[in-house]
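Single-structure report; data block below.
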Amino acid sequence: MRKTAAALLVLAATPAQAQLLDTPLPANAVPGYGTPFSVVTARRAQAPGATIWGLGGVSLAPSLTMASGYDTAPNGGAASPLASATPSLLLADPVAGFGAYAAASASLYPADTRQNTQSLALAAGERLQLARDTLTFSAAYLRAAATGFALETSASPKPLAYTLTDLRAADEISAPTFTLTPDIDARLLTFPGLALQNRRDTRETLLLRSDGDGILAALLRLRATQSLYRTGGLDSATQSALAGLTDTQDGLWTLSLLAGAAWRQTAHGPPLTAPVLEAGADWAPDADTQLRLTVAREIDDPDDISATPYTLTQARLAVTSGAPGCLTLSARLQAETAAYWRTAERETLYTVRLGAAWPLSPLLALNGDYTFNDRQSNTQGAANEHVLTLGLTWTP
Numbered sequence: 007m008r009k010t011a012a013a014l015l016v017l018a019a020t021p022a023q024a025q026l027l028d029t030p031l032p033a034n035a036v037p038g039y040g041t042p043f044s045v046v047t048a049r050r051a052q053a054p055g056a057t058i059w060g061l062g063g064v065s066l067a068p069s070l071t072m073a074s075g076y077d078t079a080p081n082g083g084a085a086s087p088l089a090s091a092t093p094s095l096l097l098a099d100p101v102a103g104f105g106a107y108a109a110a111s112a113s114l115y116p117a118d119t120r121q122n123t124q125s126l127a128l129a130a131g132e133r134l135q136l137a138r139d140t141l142t143f144s145a146a147y148l149r150a151a152a153t154g155f156a157l158e159t160s161a162s163p164k165p166l167a168y169t170l171t172d173l174r175a176a177d178e179i180s181a182p183t184f185t186l187t188p189d190i191d192a193r194l195l196t197f198p199g200l201a202l203q204n205r206r207d208t209r210e211t212l213l214l215r216s217d218g219d220g221i222l223a224a225l226l227r228l229r230a231t232q233s234l235y236r237t238g239g240l241d242s243a244t245q246s247a248l249a250g251l252t253d254t255q256d257g258l259w260t261l262s263l264l265a266g267a268a269w270r271q272t273a274h275g276p277p278l279t280a281p282v283l284e285a286g287a288d289w290a291p292d293a294d295t296q297l298r299l300t301v302a303r304e305i306d307d308p309d310d311i312s313a314t315p316y317t318l319t320q321a322r323l324a325v326t327s328g329a330p331g332c333l334t335l336s337a338r339l340q341a342e343t344a345a346y347w348r349t350a351e352r353e354t355l356y357t358v359r360l361g362a363a364w365p366l367s368p369l370l371a372l373n374g375d376y377t378f379n380d381r382q383s384n385t386q387g388a389a390n391e392h393v394l395t396l397g398l399t400w401t402p
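Heads up: the sequence shown begins at 7 in the working numbering, then just goes up one per residue.
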């Protein structure tokens with residue numbers, strides 16, 4: 007219940023982040039989705055919390071989160087109290103390798119109704135385990151809104167609504183000395199009232215990993231992304247090639263490091279090239295404590311709602327500590343800087359989030375959340391906000 011409550015609070019009470027699909031979905035609940043930010047490999051995670059609803063091998067986990075609080079500057083505007091409600095349903099069949107998730111959310115700002123948002127997240131995935139192949143098929147739909155505390159949205163006086171439809175397929179092919187994983191991700195991103203910004207993204211990835219008895223495994227990742235707009239003048243294509251090492255041991259630490267280069271070709275102008283880096287470190291001394299640090303330098307974050315060309319430098323630190331039936335504490339610190347190409351525009355976002363969940367009973371948990379967002383921009387100006395919420399999560 008603690009993991010589900012955390013996902014609901016992300017969907018209901020905080021501004022949209024760049025991670026469009028992975029953030030609002032419970033980690034490791036739906037095959038192909040909800041994976042924590044990971045450059046190469048994710049630490050083995052436990053399944054979502056147990057539920058008292060079951061039918062054969064299928065488990066159902068319904069949940070309802072109600073929260074209220076105060077936002078000092080929603081979307082960089084005037085302060086307002088806020089209230090939110092988020093019902094959700096998680097369905098899982100571990101034997102069949104199937105998972106599905108649905109959640110809806112409404113957030114109200116009585117002092118400035120322009121900031122009101124409604125969100126809907128739907129996802130389903132199937133993982134098929136064959137002799138030497140692991141096939142994954144996934145589909146998702148997200149209707150949400152990004153605020154001025156997301157990259158390339160600071161000029162909007164209210165949340166920027168968007169819808170995202172996504173299809174994914176992957177095949178992990180195992181051989182005696184290596185694993186080859188091709189996957190394809192096709193998505194349609196639409197903005198109501200801003201049809202010229204609508205686009206179709208197709209992303210193909212090929213990951214080659216050496217398998218052996220050593221502590222470290224070598225990796226090679228090739229990726230190509232095509233973004234197509236209604237008007238061809240905005241179309242772009244990005245390719246990247248990265249190579250590195252990852253820790254294959256599932257002990258206290260899990261480490262990974264990739265480095266390489268990326269190229270972006272637009273409809274107008276010469277190609278743009280930049281070095282890229284992705285690194286991650288996990289520390290998990292026990293099943294209830296985890297620290298995760300990630301650092302990345304990218305071209306055109308593929309999980310951002312904007313396709314404006316920029317170089318992204320990002321660092322994240324997340325810490326979770328608790329035990330079943332006890333107080334769970336979490337903290338997340340994030341800094342990301344976008345350097346927009348062919349302009350002098352620079353934008354830096356800082357996020358600090360502190361959370362606590364206390365189980366009042368097997369069915370009810372008390373959740374507290376504090377978020378600080380800060381935006382620094384040399385063209386749009388600076389802004390920051392403090393968001394404090396207190397809520398209850400009921401899992402019948």
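Where a beta carbon is used, it is the ideal one built from N, C-alpha and C, also for glycine.
Taking the Cα positions, residue 141 is about 38 Å away from residue 346.
Here the alpha carbon of residue 319 sits roughly 24 Å from the alpha carbon of residue 224.
Contact check for residue 401 against residue 369 passes: the beta carbons are separated by less than 7 Å. Note that the C-beta distance between residue 94 and residue 65 is not below 7 Å. In the three-state reduction of the DSSP assignment, residue 390 falls in the strand class, which pools E and B. Between residue 300 and the set 339, 397, 91, the nearest pair of CA atoms involves 339.
Under the rule that a run must span 4 or more residues, no alpha helix (DSSP H) segment is found entirely inside the stretch 222-280. Rounded to the nearest angstrom, the Cβ distance from residue 183 to residue 220 is 12 Å, too far for a contact under 8 Å. If you draw a 10 Å sphere on the C-beta of residue 37, you find 16 or more other C-beta atoms in it, and that means buried.
In this structure, the alpha-carbon of residue 277 lies about 39 Å from that of residue 79. By the beta-carbon neighbour count (other beta carbons within 10 angstroms, threshold 16), residue 265 is exposed.
When C-beta atoms of the stretch 143-154 are compared with those of the stretch 168-187, three or more pairs fall below 8 Å, so the two segments count as touching.
Shown here, residue 81 sits in a helix according to DSSP, grouped into three states. Remark: fewer than three beta-carbon pairs, one from each stretch, lie closer than 8 Å, so the stretch 81-89 and the stretch 104-111 are not flagged as touching. Measuring C-alpha to C-alpha distances from residue 121 to each of 76, 35, 34, 305 identifies 76 as the nearest. Per DSSP, the continuous beta strand (DSSP E) segment holding residue 375 begins and ends at 370-383. Residue 68 is bridged by DSSP to 95. In this structure, the beta-carbon distance from residue 214 to residue 186 falls below 7 Å. With respect to the 7 Å criterion, residue 341 and residue 325 are not classified as neighbours on the basis of their beta carbons. Per DSSP, the unbroken beta strand (DSSP E) holding residue 125 starts and ends at 123-135. Its chain contains 192, 232 as the residues whose beta carbon lies nearer than 6 Å to that of residue 208, once the 5 sequence neighbours on both sides are disregarded; these appear in chain order. Taking a C-beta distance under 7 Å as the contact criterion, residue 252 and residue 262 qualify as a contact pair.
DSSP places residue 212 within a strand segment (E or B) once states are collapsed to three.
Burial state of residue 163 is exposed, judged by a 10 Å Cβ sphere holding fewer than 16 other Cβ atoms. For residue 151, the enclosing beta strand (DSSP E) starts and ends at 139-152. Assignment of residue 174 by DSSP, reduced to helix, strand and coil, places it in the strand class. Around residue 298, the same chain offers 288, 324 as residues with beta carbons nearer than 6 Å, after the five sequence neighbours per side are excluded. Counting only residues of its own chain and dropping the five nearest sequence neighbours on each side, residue 99 has a CB closer than 8 Å to the CB of 63, 64, 65, 105.
Residue pairing of residue 184 in beta bridges, as defined by DSSP: 216.
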